[in-house]
Amino acid sequence: MSRLGVTLLEVLVVIAILSLLMALMIPAVQAARETSRRAQCLSQLHQIGIAVHNYQASFGVFPSTGAWFRQLAPYLDVAKDAKRARFYACPSDESATGSHSGMFRSYLPCDGVRHAVQEGFAAPHLERQTAPRDFVDGLSNTAAFAEKLAWPSFAPTEVPHSMFQETWRRRVRNILIDAASVDQVMDECQHRPQSPNSGWHVSAGYTHVMTPNQDSCYSGIRSSSRYDFWAITSTSAHPGGVNLLYVDGRTSFTSDGVDLTVWRAIGTRNGNESESF
Numbered sequence: 654m655s656r657l658g659v660t661l662l663e664v665l666v667v668i669a670i671l672s673l674l675m676a677l678m679i680p681a682v683q684a685a686r687e688t689s690r691r692a693q694c695l696s697q698l699h700q701i702g703i704a705v706h707n708y709q710a711s712f713g714v715f716p717s718t719g720a721w722f723r724q725l726a727p728y729l730d731v732a733k734d735a736k737r738a739r740f741y742a743c744p745s746d747e748s749a750t751g752s753h754s755g756m757f758r759s760y761l762p763c764d765g766v767r768h769a770v771q772e773g774f775a776a777p778h779l780e781r782q783t784a785p786r787d788f789v790d791g792l793s794n795t796a797a798f799a800e801k802l803a804w805p806s807f808a809p810t811e812v813p814h815s816m817f818q819e820t821w822r823r824r825v826r827n828i829l830i831d832a833a834s835v836d837q838v839m840d841e842c843q844h845r846p847q848s849p850n851s852g853w854h855v856s857a858g859y860t861h862v863m864t865p866n867q868d869s870c871y872s873g874i875r876s877s878s879r880y881d882f883w884a885i886t887s888t889s890a891h892p893g894g895v896n897l898l899y900v901d902g903r904t905s906f907t908s909d910g911v912d913l914t915v916w917r918a919i920g921t922r923n924g925n926e927s928e929s930f
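Position one of the sequence shown corresponds to residue 654 (my numbering), numbered consecutively onward.
So this is what it looks like as structure tokens:
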């Protein structure tokens, strides 16, 4: 005798099989999408590198820290604000691509390791913009730009690190010490109690004090706008690392596990190191 339907058990088996297939497929689809977003993000950095050299060919110097996105706009064909905001937003960075993205960017120029020494690509407080002759270590061994997660649309001053880790990675915390070295800043930023107690800070550049995707902190003489030591860490929404642009225009994906000595070396233009990836 033939059946006219299926049993409940058979339905449950089919549902279980479909659920298993979905569980296997969704992570693969998400990983493929992230790979595409990371590639687009790297491509945008490459285009920024081309624009940097076109700007340098026109003016003899590299762009400055605070105004680089405006200075490079004519060379990227992104003169209108809305289009510029989209181009400077990595597609993996939700804060940069969301409804508050008008002033947020996913890329920042390198300020070196010791902020007050002006040893990086951008050197924000140098009396002039940097030029190729300033790069004693070589253009191919010095970082120009890297990813930095855009600022969130709100600044929680009392939220615990355990609940809002990504927000903490987007913000820069004042650790309330007058540090004597970048290593002291790094130690305080990594190990002091994770509870913001003095508000937040934003920066026009990033530094190579700590390896990628760690929290950011600043310290120094708080009566001055030129803080001695900043740990403005390169961060991204990509698993395992950040995209990096060298001064010569080369791009690479740099692992969170990069050696700290190498990472600091490529953050300076005149430290007489020759490290690169």
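Just so it is clear, CB atoms sit at the ideal spot from N, CA and C, and this is done for glycine as well.
Inset, instruction - Report yes if the C-beta distance between Arg-922 and Glu-772 is below 8 angstroms; otherwise report no. - result: yes
Legend entry - Thr-864 versus Leu-673: straight-line alpha-carbon distance, rounded: 38 angstroms
Legend entry - Option in Val-664, Ala-742, Ser-711 and Phe-882 with minimal Cα separation from Pro-727: Ser-711
Legend entry - CA-to-CA distance, Ala-775 to Phe-715, given in whole angstroms: 8 angstroms
Inset, instruction - Starting from Leu-918, follow the alpha helix (DSSP H) in both directions and report where the run begins and ends. - result: Strictly speaking, residue 918 in this sequence is Ala, with Leu absent from that position. Note, Ala-918: alpha helix (DSSP H), 913–919.
Inset, instruction - If I'm right that Tyr-708 touches Gln-697 with Cβ under 8 angstroms, what's the distance once you round it to whole angstroms? - result: Incorrect: roughly 16 angstroms between the Cβ atoms, too far for contact.
Legend entry - Given 8 angstroms, three or more beta-carbon pairs between the region 685–695 and the region 893–908: yes
Inset, instruction - Please confirm whether Leu-792 and Asp-901 have their CB atoms less than 8 angstroms apart. - result: yes
Legend entry - Bridge partner(s) assigned by DSSP for Trp-883: Tyr-871
Inset, instruction - Given a cut-off of 8 angstroms, decide if Ala-803 and Ser-745 are closer than it, judged by their beta-carbon atoms. - result: no
Inset, instruction - Helix, strand or coil for Glu-747, going by three-state DSSP, please let me know. - result: helix
Inset, instruction - Answer yes or no: do Gly-719 and Ala-857 have a C-beta to C-beta separation smaller than 8 angstroms? - result: yes
Legend entry - the ligand MG heavy atom lying under 7 angstroms from the CB of Ser-745: As for the ligand MG, it is missing from this structure, which has no ligand bound.
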